[in-house]
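I have placed the structure first, in the form of C-alpha cells, so that the comments after it can refer back to it.
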Amino acid sequence: MAVTASVPNRLPDRATAAPRGDAARPMRLSVLGATGSIGTSTLDLVSRTPEKFEIVALTAQSNAKELAALARRHNARVAVIGDETRLGELREALAGTSIRTAAGPDALVEAALEPVDCTLAAIVGAAGLKPTFAAASQGARVALANKECLVSAGHVFTSAISRAGAELLPVDSEHSAAFQVMAGADPASIDKIVLTASGGPFRSWTRDAIAAATPEQALKHPNWSMGAKITIDSATLMNKGLELIEAFHLFPVGVDKLDCIVHPQSIIHCLVSYVDGSVLAQMASPDMRTPIAVALSWPDRMAAPTEKLDLARLATLTFEAPDENRFPALRVARAAMRRGDTAPAVLNAANEVAVKAFLDRRIKMFDIAALVEETLAAAERQGAICPAQSLDDILAVDDMARALSNEKLSGY
Ligand code: NDP
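Numbering (the working numbering), first residue to last: 696 to 1107.
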C-alpha cells in the first residue's frame, strides 16, 4: 500500500499512485457484488468506455439471471454465484459462451483471487469479508464499498492491505470526499473530519412517528438509491456510525477528530477543517458513480454521467446537528468505536441481524439500536470484546454476536 508521511490517511498519495490500466492495456477489473446497487453503477461506468476495462470476475449471491446478463454484456471471464442451488440457472443462462462459472462461498474467494489491476468490493455485509481479504492479498487496487471490512476487521484489514502492498481506495462517498480533500495534508494540521448525513427519511419525524415506522417508509430514502440494508442503516443513522468507524481506520486522526453533521441536500459529502480555520469540502450530486469513478481512475479522473451541480438552482445548503435521542443507533455506534477491539465487529453483526428482523417485521425501528446495544453489553460480559489478530478471530466474533442477537431477538 502506498502511504507517505505527508498524508494523514492510509490511502495512496497522488504523487505515488499510478493509474491502474492505461491506453495500451485496459484495467483488469473484478466486481464482487456485481448485481447490487454499487455493482451495477460500476458496470454502468464501465459500459461507457468499455475499451478501458477488461472484466475478469463478476459475482452475486442469488440473482443468477442478472449475473449472467452482466457477464454476457461485459464479456467477463468468470461468473460466480454464492448460492450453490443457483449454479444450474447460471450455467443455462451462459450456455454457448466461454464464461467460466462456479458457485459457493469458496468459489467467491477464488473469483477474488483471479489476477486483476483493481477489485471493486461491493458485496453487502460481513459476507464480503473473506472475498475482499482475498482480493487484498493480490497486492493490487481494492476499491472498497464493503465498509464492513473496515468496521468489523479494521486493523486486521488495513494490516492485510499493507502486508500485500495493495492500494486501498474508498468508494463510500464521504470517505472518497475526505480522501480527495485531504491528499497531501499534514496530519497535525487537521482539526476535524466531518462526514455529512442526509438524515434519511425520518429526519424531521417525531420520536413517536419513528417508533411506528414501517419497512416501506424506511426504504424510501430521500436522496440516494441504494441496497435495502444500507437504506435502513441510513434511516436509523447507524450508517453514519459505521462510516465514522470506517473513517477511524482510513484516516487515523483519532476518534475525537471525527464527527458527523446532518446535511439534508447530500451535496457536500465531507468537510475537513484545518487548524487555521480553513474548511475544505467536496461537493457532488448524490450519485455513487462519482466516488466509484474516483476509485477506478485515481490519480486521473474519468467522466461520470452524473448530474452536474447547479448551485444557483440549489440555492440553499443546510446543516443540523444529529439528534441521538431520535437516532440512538448513532450513539451506540460511537460508543462501539470508542470501545474499540472487537466491539465494532459485534455492532456490525448485531445490526445485520436487527435490520433483517426489522425488514421481516419482527421488530420495530427503535428495537434495532436496542438489540445492538444489548448484544454489545452481553458480549462485553462474556469477555468477547477483545483485540483481534486475524480474519478468523473476526469471523468467530461475528458468529458469536449473531448467535447472541438471535437469542435476544426471541425476547422482542
Ligand atoms: P446491494 O444489496 O444492492 O447489493 C449487494 C451485492 O452483494 C449483490 O450483488 C448481492 O447479490 C451480493 N450479495 C448479497 N449477499 C451476499 C452474500 N452472502 N455473499 C456474496 N454476495 C452477496 O448492496 P449495495 O450495493 O447497496 O451495497 C454494497 C456495499 O457497498 C455495502 O457494504 C454497502 O454498505 C456499501 N455502500 C453502498 C452504497 C450505495 O449507494 N448502495 C454507498 C456506500 C457504501 P444478489 O444480487 O444476488 O443478492
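Where is the CB? At the ideal position from N, CA and C, for every residue including glycine.
- Residue environment: GLU938 is assigned as buried (16 or more neighbouring CB atoms within 10 Å of its CB, all protein chains considered).
- Counting along the chain, MET978 sits inside the beta strand (DSSP E) bounded by residues 974-978.
- The alpha carbon of ALA1031 has as its nearest neighbour, out of SER868, ASP881 and GLU1069, the alpha carbon of GLU1069.
- Taking 7 Å as the cut-off, the C-beta of GLN756 counts as close to a heavy atom of ligand 1.
- With fewer than 16 neighbouring CB atoms inside 10 Å of its own CB, GLU1002 falls in the exposed class.
- For CYS965, the uninterrupted beta strand (DSSP E) segment begins and ends at 963-969.
- The DSSP-derived three-state label of LEU839 is strand.
- Take ASP982, set aside five residues on each side of it, and the residues of its chain with a beta-carbon closer than 6 Å to its own are THR1001, in chain order.
- Relative to ligand 1, ALA838 has its C-beta separated by 7 Å or more from all heavy atoms.
- Closest option to GLU746, judged by alpha-carbon separation, among PRO1023, ASP867, MET722 and TYR969: MET722.
- In the DSSP annotation of this structure, the continuous segment of the alpha helix (DSSP H) that includes MET1032 starts and ends at 1023-1034.
- Unbroken beta strand (DSSP E) stretches of 3 residues or longer found wholly inside the region 849-908: 862-865 and 885-892, given in chain order.
- Between ALA774 and VAL811, the C-beta gap is not smaller than 8 Å, which leaves the two residues out of contact.
- In the DSSP assignment, ILE733 forms no beta bridge with any residue.
- GLU1019 sits in coil when the DSSP states are folded into three classes, being neither helix nor strand.
- Exclusion of GLY849 from the 7 Å shell around ligand 1 follows from its C-beta lying no nearer than that to any non-hydrogen atom of the ligand.
- Taking the Cα of ALA1098 as reference, the smallest distance to any Cα among SER854, ALA1079, ASP995 and GLN1084 is reached at ALA1079.
- According to DSSP, residue pairing for ASP954 in a beta bridge involves VAL889.
- With respect to the 8 Å criterion, VAL1050 and SER1100 are not classified as neighbours on the basis of their beta carbons.
- Contact between VAL837 and LEU863 is confirmed by a C-beta separation of about 5 Å, below the 8 Å threshold.
- Taking a contact to require three or more Cβ pairs closer than 8 Å, the region 962-974 and the region 893-913 do not qualify as touching.
- Note: VAL726 is bridge-paired with LEU753 and LEU815 in the DSSP secondary-structure output.
- The DSSP-derived three-state label of ILE794 is coil.
- Sequence-distant partners of SER732 (beyond 5 residues in either direction) whose C-beta falls short of 6 Å from its own C-beta, in its chain, are MET921 and GLY922.
- Assignment of PHE828 by DSSP, reduced to helix, strand and coil, places it in the helix class.
- Distances from the CA of ALA764 to each of GLU784, LYS952 and ALA1044 were compared; the closest alpha carbon is that of GLU784.
- In the three-state scheme derived from DSSP, where H, G and I count as helix and E and B as strand, VAL775 is classed as strand.
- Going by DSSP, VAL948 is part of no alpha helix (DSSP H) at all; its letter is neither H nor E.
- With a cutoff of 7 Å, SER893 does not count as near ligand 1, since its C-beta is closer than that to no heavy atom of the ligand.
- Separation of the CB atoms of ASP954 and VAL889 is rounded to 5 Å, and the pair is thereby assigned contact status at 8 Å.
- Distance from the Cα of LEU724 is smallest, within the candidate group GLU1015, ALA806, HIS870 and SER757, for ALA806.
- Distance from the CA of THR754 to the CA of ARG772, rounded to the nearest whole angstrom, comes to 11 Å.
- About 6 Å separates the beta carbons of VAL948 and ILE885, which is inside the 8 Å limit, making them a contact pair.
- Between MET997 and LEU991 a beta carbon distance of about 6 Å is seen, short of the 8 Å cut, so the two are scored as contacting.
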